[in-house]
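Right, one structure below, let's go through it.
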Amino acid sequence: VMSLSPPLSIDDIHPFDPNYLPAAIRNIATMCPGLIAVFMLLSIIMRNKKMFDSYKCTVVFLTFGGFSLAIPIISFNIFMVIVIPLRPQFLISTIVCSSIKQFCAATMNSSFAVASSISLLRYLLVISGKEFGGGILIGVYFALSAPLYIYFVLSLCMGTISKNDECPYFIEIEWEYRPLLYFGYLSLIIILADLCNIRVLLFILAHRRKLAQRGSSGTHFSRKDRDQFNLSIGLLVQSITVTITFGSTILFMLLYSYGVAVPTWLSTITNTLSSLSTLLNPLACAIFIRPFRLEMLKSLQLHKVINLILFSFKFCFPQPTNFHSL
Numbered sequence: 001v002m003s004l005s006p007p008l009s010i011d012d013i014h015p016f017d018p019n020y021l022p023a024a025i026r027n028i029a030t031m032c033p034g035l036i037a038v039f040m041l042l043s044i045i046m047r048n049k050k051m052f053d054s055y056k057c058t059v060v061f062l063t064f065g066g067f068s069l070a071i072p073i074i075s076f077n078i079f080m081v082i083v084i085p086l087r088p089q090f091l092i093s094t095i096v097c098s099s100i101k102q103f104c105a106a107t108m109n110s111s112f113a114v115a116s117s118i119s120l121l122r123y124l125l126v127i128s129g130k131e132f133g134g135g136i137l138i139g140v141y142f143a144l145s146a147p148l149y150i151y152f153v154l155s156l157c158m159g160t161i162s163k164n165d166e167c168p169y170f171i172e173i174e175w176e177y178r179p180l181l182y183f184g185y186l187s188l189i190i191i192l193a194d195l196c197n198i199r200v201l202l203f204i205l206a207h208r209r210k211l212a213q214r215g216s217s218g219t220h221f222s223r224k225d226r227d228q229f230n231l232s233i234g235l236l237v238q239s240i241t242v243t244i245t246f247g248s249t250i251l252f253m254l255l256y257s258y259g260v261a262v263p264t265w266l267s268t269i270t271n272t273l274s275s276l277s278t279l280l281n282p283l284a285c286a287i288f289i290r291p292f293r294l295e296m297l298k299s300l301q302l303h304k305v306i307n308l309i310l311f312s313f314k315f316c317f318p319q320p321t322n323f324h325s326l
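In the UniProt record's numbering, the protein residues as written are 1 to 326.
Printed below as a string of structure tokens:
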């Protein structure tokens, strides 16, 4: 008589897979530079309330919105790094581990909607000329990320149990078109930011060209206008970085879902770049904005080095003196 194993249950308990430990360590290590960047921007904003008021719906929201959404995945990886070596027989139920992992995936993936909501509102500002407040910005974020959280709930309610790398067994919806719809929607969120940022930048360039053609003294860009122009460049650089790093990861995950083999070394590189850029992306905006750039140089004490280099250059190569006849 053939013996049949009992069916898998969501209440079954299993130890973590020790093979996931290197990936957890890599995820934490690649996010550490981003944490330094977040705390640097936090110190800058705390020192300068005017900068907070000016950029609360752009750089501030992008930085700390993305950071707060990355906290669950960072905490989960720290937990794995501690538990797997110290308590290898630590047991966790399928439903608990699946809930944690699905929630981490939902928050992490919804961080793309932070940048997209900023870019979309800046685009609407260009079209309508109406400036939107922080409440509208948060509302747009939740509207864009709502399908990801709905999927999180549906997976736990309607999913089936299968093997996984982080959780020994994982609850997920087993449907042929599920990966295509899920990763396709993530791609749309990412591409939305690119398109909006390109459109805004083209509008600003066209506006600058009109001002230059007029040639009157009162039509040149002010410092604030230049900072907004540089912010547009920074947002575009940030969104393109996300498209390259996370876009390749999404592509590999989509191929893997349909049984297409991807070289391990290639997926490791893309995952590392994605993790590294998660919290570093806001720097792409901040670096292009003069007030943030100067404050970051002060935070790093690089301004003293730069001033010393300039002083040495002027000392070694003095400017020629102009003598005038009496």
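Where is the CB? At the ideal position from N, CA and C, for every residue including glycine.
- Which term fits Ile-171, buried or exposed, when burial requires 16 or more other beta carbons within 10 angstroms of its beta carbon? Ile-171 is buried by the Cβ-count criterion.
- Output yes or no for whether 8 Å exceeds the beta carbon distance between Leu-283 and Ile-161. Not closer than 8 Å, so no.
- Message: If distances are taken between C-alpha atoms only, which option among Phe-61, Val-200, Val-38, Ser-248 comes closest to Leu-120?
- Response: Val-200
- With DSSP run on the structure shown, which of helix, strand or coil describes Lys-101? Note: Lys-101 maps to helix in three-state DSSP.
- Put His-324 into one of helix, strand or coil per three-state DSSP. Legend: pLDDT at His-324 = 40, less than 50; position of this residue unreliable, value from coordinates given subsequently. Correct three-state label for His-324: coil.
- Local conformation of Tyr-258 per DSSP, three classes: DSSP, read as helix, strand or coil, puts Tyr-258 in coil.
- Task: Could you say which of Arg-47, Val-38, Ile-92 lies nearest to Ser-68 if we only look at CA atoms?
- Result: The candidate whose alpha carbon is nearest that of Ser-68 is Val-38.
- Query: Okay, do the segment 57–64 and the segment 112–119 touch, 3+ Cβ pairs below 8 Å being the bar?
  - Reply: Cβ pair count under 8 Å is three or more, so yes.
- Query: Which residue from Glu-295, Ile-136, Leu-251 puts its Cα closest to that of Leu-181?
  - Reply: Leu-251
- Task: Look at Leu-276 and Pro-88 and say whether their C-beta atoms are less than 8 Å apart.
- Result: At least 8 Å separates the beta-carbon of Leu-276 from that of Pro-88.
- Of the listed residues Ser-239, Glu-166, Asn-19, Leu-86, nearest to Ala-193 (C-alpha basis): Ser-239
- Task: Using 10 angstroms around the beta-carbon of Tyr-20, count the other beta-carbons present and answer buried if the total reaches 16, otherwise exposed.
- Result: Label assigned to Tyr-20: buried.
- Tell me whether Gly-218 is buried or exposed, calling it buried when 16 or more other Cβ atoms sit within 10 Å of its Cβ. Because Gly-218 carries a pLDDT of 49, less than 50, the predicted location of this residue cannot be relied on, and no value is offered for it.
- Going by the beta-carbon positions, is the gap between Met-31 and Leu-279 smaller than 8 Å? yes
- Message: Please state whether the Cβ-Cβ distance between Ala-70 and Ser-111 is less than 8 Å.
- Response: yes
- Determine the contact status of Ile-289 and Leu-231, defining contact as a CB-CB distance below 8 Å. yes
- So what does DSSP say about Ser-9, is it helix, strand or coil? coil
- Task: Check the DSSP bridge columns for Ile-161 and list the partner residues they point to.
- Result: Residue pairing by DSSP places Ile-161 opposite Ile-171 in a beta bridge.
- chain D beta carbons: is any one of them nearer than 8 Å to that of Ser-111? Among the chains of the structure shown, chain D does not appear; only one protein chain is present.
- Beta-carbon spacing of residue 356, Phe-64 below 8 Å: No answer is possible for residue 356: the residues shown for the chain start at 1 and end at 326.
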